[in-house]
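Counting from 1, one number per residue, gives the positions in the sequence shown under the working numbering.
Glycine included, each C-beta is placed from N, C-alpha and C at the ideal position.
None of the values given here were measured: they were computed from a predicted structure.
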Amino acid sequence: MRRPVIAGNWKMYKTQAETREFFQVFNPLVSATKHCEIVVGPPFTALAAAVESARGTAIAIAAQNAFWEPEGAFTGEVSMQMIADVGCRAVILGHSERRRYFGETDASVNRKLKAALAANLQPIVCVGETLEEREAGRAERVLNTQFLGATAALTTAEFSRILFAYEPVWAIGTGRTATPETASASHACLRCLAKEHFGEENASSLRILYGGSVRPDNIRSLMAQEEIDGALVGGASLDPQSFSSIVNF
Ligand code: PGA
Numbered sequence: 001m002r003r004p005v006i007a008g009n010w011k012m013y014k015t016q017a018e019t020r021e022f023f024q025v026f027n028p029l030v031s032a033t034k035h036c037e038i039v040v041g042p043p044f045t046a047l048a049a050a051v052e053s054a055r056g057t058a059i060a061i062a063a064q065n066a067f068w069e070p071e072g073a074f075t076g077e078v079s080m081q082m083i084a085d086v087g088c089r090a091v092i093l094g095h096s097e098r099r100r101y102f103g104e105t106d107a108s109v110n111r112k113l114k115a116a117l118a119a120n121l122q123p124i125v126c127v128g129e130t131l132e133e134r135e136a137g138r139a140e141r142v143l144n145t146q147f148l149g150a151t152a153a154l155t156t157a158e159f160s161r162i163l164f165a166y167e168p169v170w171a172i173g174t175g176r177t178a179t180p181e182t183a184s185a186s187h188a189c190l191r192c193l194a195k196e197h198f199g200e201e202n203a204s205s206l207r208i209l210y211g212g213s214v215r216p217d218n219i220r221s222l223m224a225q226e227e228i229d230g231a232l233v234g235g236a237s238l239d240p241q242s243f244s245s246i247v248n249f
């Protein structure tokens, strides 16, 4: 049995005060939740407030990115050790917005993934094709490249600690969700790659989240799919009511 994970990605939203307000409403709404792991990913500046607000709950806090070097002359960067030090338990890596706007590549995702594992963080590795790639019939090839690039030179033990998030770029923030069947087919493709490169056991225990316009009204049909092990939620994770109804699907 793969335990579902519902993760929120706040992107560049919320001050510290807004973060505290969120958890004040959110915590009681999920205090009885047992069926899934809950992760919230605020921006760097709100991580400490989030960790403090989630103390004593089962909610894990994630950063949305971090650099691979532990420290050094890297102006503007924050390391995996630093986000672990502030109390993060997870880190989102390779989100399509980072690939698109900030030059993230499969090679940099791979270095960050190794650094995250070394810092004992739970990496959530994002992959997914653009609309152009899907329409050109290249979706599977793109997943293949991103999967192999991200997981290059990982041991099977390291691989067993990763979460994947399939996020088709055309479904992010667009209100256009992949149908449960389309998402499912992509998840199956990733699981097949996991089996080929990291073995049957790793493949069957790998948790793959779906991301892209997940909302309270579509979470159930997505989670009804055998292949879908959770969700990475952007816009709908900003509101405690809407995110709690996704968590309590
Ligand atoms: P969305 O974002 O839910 O707002 O589409 C998902 C994501 O980017 O992780």
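Closer than 8 angstroms to some heavy atom of the ligand PGA: that does not describe the Cβ of E132. Distance from the C-beta of L222 to the nearest heavy atom of the ligand PGA is not below 8 angstroms.
Put simply, the region 124-143 does not touch the region 74-81. Fewer than three CB pairs are less than 8 angstroms apart. For the 9 angstroms CB-CB criterion, T15 and A50 do not form a contact.
In chain order, D106 place their CB closer than 7 angstroms to the CB of T145, counting only its own chain and leaving out the 5 sequence neighbours on each side. Going by beta carbons, I38 and A63 fall outside the 9 angstroms limit. The three-state secondary structure of E200, taken from DSSP, is helix. Rounded to whole angstroms, the separation of the alpha carbons of G211 and P180 is 11 angstroms. Between A165 and L232 a beta carbon distance of about 4 angstroms is seen, short of the 8 angstroms cut, so the two are scored as contacting. Exposure of M1 is indicated by the presence of fewer than 16 other C-beta atoms within 10 angstroms of its C-beta. C36 carries a coil assignment under DSSP once its states are collapsed to helix, strand and coil. Residues of the same chain with a CB within less than 7 angstroms of the CB of S244, apart from the 5 flanking positions on each side, are F26, L29, V30 in chain order. Secondary structure at G235: helix, using DSSP grouped into helix, strand and coil.
Bounds of the beta strand (DSSP E) holding P123 are 122-127. By the C-beta criterion, the region 101-119 is judged to be in contact with the region 144-159, since at least 3 inter-stretch pairs fall below 8 angstroms.
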